[in-house]
Amino acid sequence: MAQMLAARLHVPSRTLRLEEVPRPQPGPGEVLVKVEAAGVCLSDVHLIDGTLTPLLLRGDTVTLGHEVSGTVAGTGAGVTAWSPGQRVVLHAGERRDGVTYTRGVDYDGGWAEYALCAADAMTPLPDAIPFEQGAIIPDAVSTPWGAITETGEVRPAEAVGVWGVGGLGVHAVQLLRAIGACPVVAVDPSPVARERALAAGADLALDSADPEFRQKVGAATGGAGLAAAFDFAGVPPVREQAVSVLAPKGRLVLAGLTDKPLTVTDGTRFSYLQQRILGHYGSDMPVALPQLLRLIQGGRLDFSGSVSGVLPLAEAAEAVARLEKKEGDPIRLVLRP
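Note that full-length UniProt numbering numbers the sequence shown so that position 288 is 288, with each residue one more than the last.
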């Protein structure tokens, strides 16, 4: 049986191992994809450090990688919509028996030379979009897109805030500007991240520790506060700060993942102002991916600057370390088999 290289996480020991494993064979309704690029996400780091744990994984080891692009290498029985050589982006998850499973978490992902995918969990990747850019769209771009357009329901001219201008937050800034949010206020303790936010289209970039933080948000919004605030940091103090500058009926969207408790200091004020806290995870892939790819093709969005580095699959551990340490302040690192 043909072998392939894969970066696999042994969950009980949180050990990332580079292994030779059998190349998977597509079953009925499945497609075998030759991986061309796979993104390295902070969620991957958290799976390795133990902050996140797979809930639906069968067994104790999984190939990481939920941001994947590649070419069709083969198809299983009953698959007629795809043929070898087609460029594709894999969805970051699949529905099975009414339950959503996350690629590279609950089942094997794309940190490998080949990956399996359900035939209805892929989207064609236009020739004009490089594999490295295509790979990061299923999470780094589509998650903030879903948070903004679906969960947060942001409308043109609404004042919005983005906490955490990393791999997801910087794309949130771009997307919010693209749909006409105004002003877009970015919040991050890192000066590099704040500069990145301004370059991505933020109207104002603030340090969360700024003693005049509330006054500056008030001035930027004409005293009204933020109609919507997005937490991409997953840090409890961020949520408290965001609530403090929300407008009446404002909504706080939680896209950053954390296992820490969620609290509202002044519950009476929160209820009186009819504010809302909304959880968010991922996006509606069959809808979001074609939308985003169309916007990129049409020149409305450009994520060419989001790929901060490309490393060979054999250096997956190095990529994880660089992201964990924020070495070079990467937006997204990409692995190439």
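Yeah, the Cβ is synthetic: ideal placement off N, Cα and C, and Gly gets one too.
Here the structure is a predicted model, which means the values were calculated and not measured.
Asked	Found
DSSP bridge partner residues for G74 (one or two, in chain order)	L32
Range of the contiguous alpha helix (DSSP H) that encloses V141	No alpha helix (DSSP H) contains V141, which DSSP labels as neither H nor E.
Proximity test, Cβ basis, 7 Å: A6 and chain C	Of the protein chains in this structure there is only one, and it is not chain C.
Whole-angstrom distance between G218 and Q241, CA atom to CA atom	13 Å
A186 versus E20: straight-line alpha-carbon distance, rounded	43 Å
G164 beta carbon less than 7 Å from that of A233	yes
Residue burial classification, H10 (beta-carbon count within 10 angstroms, cutoff 16)	exposed
Assigned secondary structure, I48 (DSSP; H/G/I helix, E/B strand, else coil)	helix
Close beta carbons around R214, own chain, < 7 Å, minus the five adjacent residues each side	S244, V245
DSSP bridge partner residues for T100 (one or two, in chain order)	R95
Assigned exposure category for M1 - 16 Cβ within 10 Å defines buried	exposed
A285 - partner residues in DSSP beta bridges	According to the sequence displayed, residue 285 carries Met and not Ala. DSSP output for M285 lists no bridge partner at all.
Residue(s) in a DSSP beta bridge with V320	Note: V320 sits in no beta bridge, so no partner.
Proximity below 7 Å, CB of A112 to CB of T51	no
8 Å contact criterion, which V320 and L5 should meet: CB distance rounded	Incorrect: roughly 16 Å between the Cβ atoms, too far for contact.
Environment of T123 [buried if 16+ CB atoms lie within 10 Å]	buried
Exposed unless 16 or more other CB atoms sit within 10 angstroms - verdict on E67	buried
Counterpart residues of Q3 in DSSP-defined beta bridges	P22
Limits of the alpha helix (DSSP H) - the one that P236 falls within	236-244
Reduced DSSP category for S69 - H, G, I as helix; E, B as strand; rest coil	strand
Limits of the unbroken alpha helix (DSSP H) element including G267	267-272
Beta-carbon spacing of P22, D60 below 7 Å	no
For G167, the nearest candidate out of E315, G309, G180 (CA to CA)	G309
For V287 and A7, the rounded distance between their alpha carbons	30 Å
Span of the alpha helix (DSSP H), counted from its first residue to its last, around residue 338	Given that the chain is displayed from residue 1 to residue 337, the structure contains no residue 338 and the question cannot be resolved.
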